[in-house]
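Quick note on numbering: this note's numbering labels position 181 of the sequence shown as 181, and the sequence is numbered without any gaps.
Encoded as structure tokens, the structure appears first; notes follow it.
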Amino acid sequence: MSERRGTGRRALVTGVTGYIGSRLVPTLLEEGWTVRVLTRDAGKLHDRWWLADAEVVEGDATSRSTLAQALADVDVAYYLLHSMDADGGFVERDRELASGFGRAAFEAEVGRIVYLSGLHPSDGPLSDHLASRVEVGDLLMASGVPTAVLQAAIILGSGSASFEMLRHLTTRLPFMITPKWLDNRIQPIAVRDVLHYLVGAAELPPEVTRTFDIGGPEVLTYREMIMRFARLAGLMPRTIVTVPVLTPRLASQWVGFVTPVPTGLAKPLVESLLHEVVCEEHDIDDLVGAPAGGLLGYDRGVTDAIAGDDADPRPEPGTVDPARVNAADPSWAGGGRGSSS
């Protein structure tokens, strides 16, 4: 590791084995933060190059004693925990987890909580998973700890479940019959830019507690994203026929059948496509600044992501562009460009 300037400040990262958490830790270290991670199984981190540079607390985030240990002397706590599965009771689990975390952070006098949530419309009914993400943000903001809730739609980058679903559908199906809501508008964002805003949110003034919409510079339909992905990956144009009768339940089972994305992950991802998810504001740029060089467009986000598909062995997170697949990502991520059919 190269020498880093120290900030004298400590960040706690939860969800450290997940997509964003595995990329956030090396980013924070490079920015000079002292980083502590909370994980249920420290053995899953034994291959991470940054392990010697980070503090590790092993335990369950539902345990008050574990949270007290993890949150002691913390300036900013990154809450990256949520249930992305098909098991019942996830709403209650996430509610209890967020409430307990908020109480523990308040008792530990944590300076700020930063939570990555889902972009959603401001009115109308939401899917159960998206409504739960909104509720978690509300609970954290009500904790008494200054809280920034960053709300993102599809994150462009290998390893991102929403990106992998898009990738595998495009590469495996030259012709597809899809739900009509494939023409809903979406504002995707590159993972590099998500990391920029997560790190920047740690520096928000203490009086700021609110949600922030974060998104890239383009608003596209899922159909347009499929077509452009195919072109960027060197595939023939895809044929898409929409029908009004494919329910979210059937669509998620279909996605789980034709792609390696687990059905438990596919269900909330498909449900999110029921909504148009477009930023209503971009106030965070006024407070933390835009990424250097500006937000990455869709084509650049996809190109950066698929550039590392053929890496073998997969590199460690933090040693390559965060858009590329790495050793912390699931086996079904990356390498999905397919043939030129």
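Each residue gets a CB set at the ideal place from its N, CA and C atoms; glycine is no exception.
*Return the chain-ordered ranges of every alpha helix (DSSP H) run that is complete within the segment 28-81 and spans a minimum of 4 residues.*
Runs of alpha helix (DSSP H) with 4 or more residues, each lying fully within the segment 28-81, are found at 64-71, listed in chain order.
*For the alpha helix (DSSP H) that contains Ile284, what are its first and last residues?*
Ile284 to Val288
*Is Tyr115 near Val145, with beta carbons less than 8 Å apart?*
no
_At least 3 beta-carbon pairs within less than 8 Å: the segment 223-242 vs the segment 190-202_ = no
*Output yes or no for whether 8 Å exceeds the beta carbon distance between Leu71 and Val13.*
no
_With distance defined between alpha-carbon atoms, name the residue in Cys279, Ala68 and Gly293 nearest to Leu220._
Cys279
*So is Val243 buried or exposed if we call it buried at 16+ other beta carbons inside 10 Å?*
exposed
*Between Arg36 and Glu58, is the Cβ-Cβ spacing less than 8 Å?*
no
*For Pro26, which three-state DSSP category applies?*
helix
*asked:* Among Thr27, Asp47 and His82, whose alpha-carbon lies nearest the alpha-carbon of Gly15?
replied: His82
*asked:* Using 8 Å as the cut-off, can you tell me whether the segment 230-242 makes contact with the segment 197-211, which would need three or more C-beta pairs spanning the two stretches below that distance?
replied: no
*Span separating the alpha-carbon of Gly124 from that of His46*: Taken atom to atom, the span from the alpha-carbon of Gly124 to that of His46 is near 45 Å.
*How far does the alpha helix (DSSP H) with Val270 in it reach, from first residue to last?*
Thr263 to Ser272
*asked:* Considering only the alpha carbon of each residue, which of Asp73, Leu126, Gly157 and Asn184 lies closest to Val302?
replied: Gly157
*Distance, Ile306 Cα to Lys180 Cα*: 28 Å
*For Arg9, does the three-state DSSP call read helix, strand or coil?*
coil
*Please report how far the alpha carbon of Val91 lies from the alpha carbon of Gly100, in whole angstroms.*
14 Å
*Cβ-based neighbour list, Gly159, same chain, cut-off 6 Å, excluding 5 preceding and 5 following*: So the list reads Tyr19, Val325, Asp329 and Ala333, once near-sequence residues are dropped.
*What first and last residue would you give for the beta strand (DSSP E) that runs through Val241?*
Thr239 to Val243
*asked:* Below 8 Å on the Cβ atoms is my contact criterion, and I expect Phe106 with Ser63 to pass it. Report the Cβ-Cβ distance as a whole number of Å.
replied: Actually they are not in contact, since the Cβ atoms of Phe106 and Ser63 sit about 17 Å apart, beyond 8 Å.
*asked:* According to DSSP, is Gly338 part of a helix, a strand, or is it coil?
replied: Only weak support exists for where Gly338 lies, its pLDDT of 38 falling under 50; the value from the coordinates is given anyway. Reduced to three states, the DSSP call for Gly338 is coil.
*asked:* Rounded to whole angstroms, what is the Cα-Cα separation between Leu140 and Arg300?
replied: 34 Å
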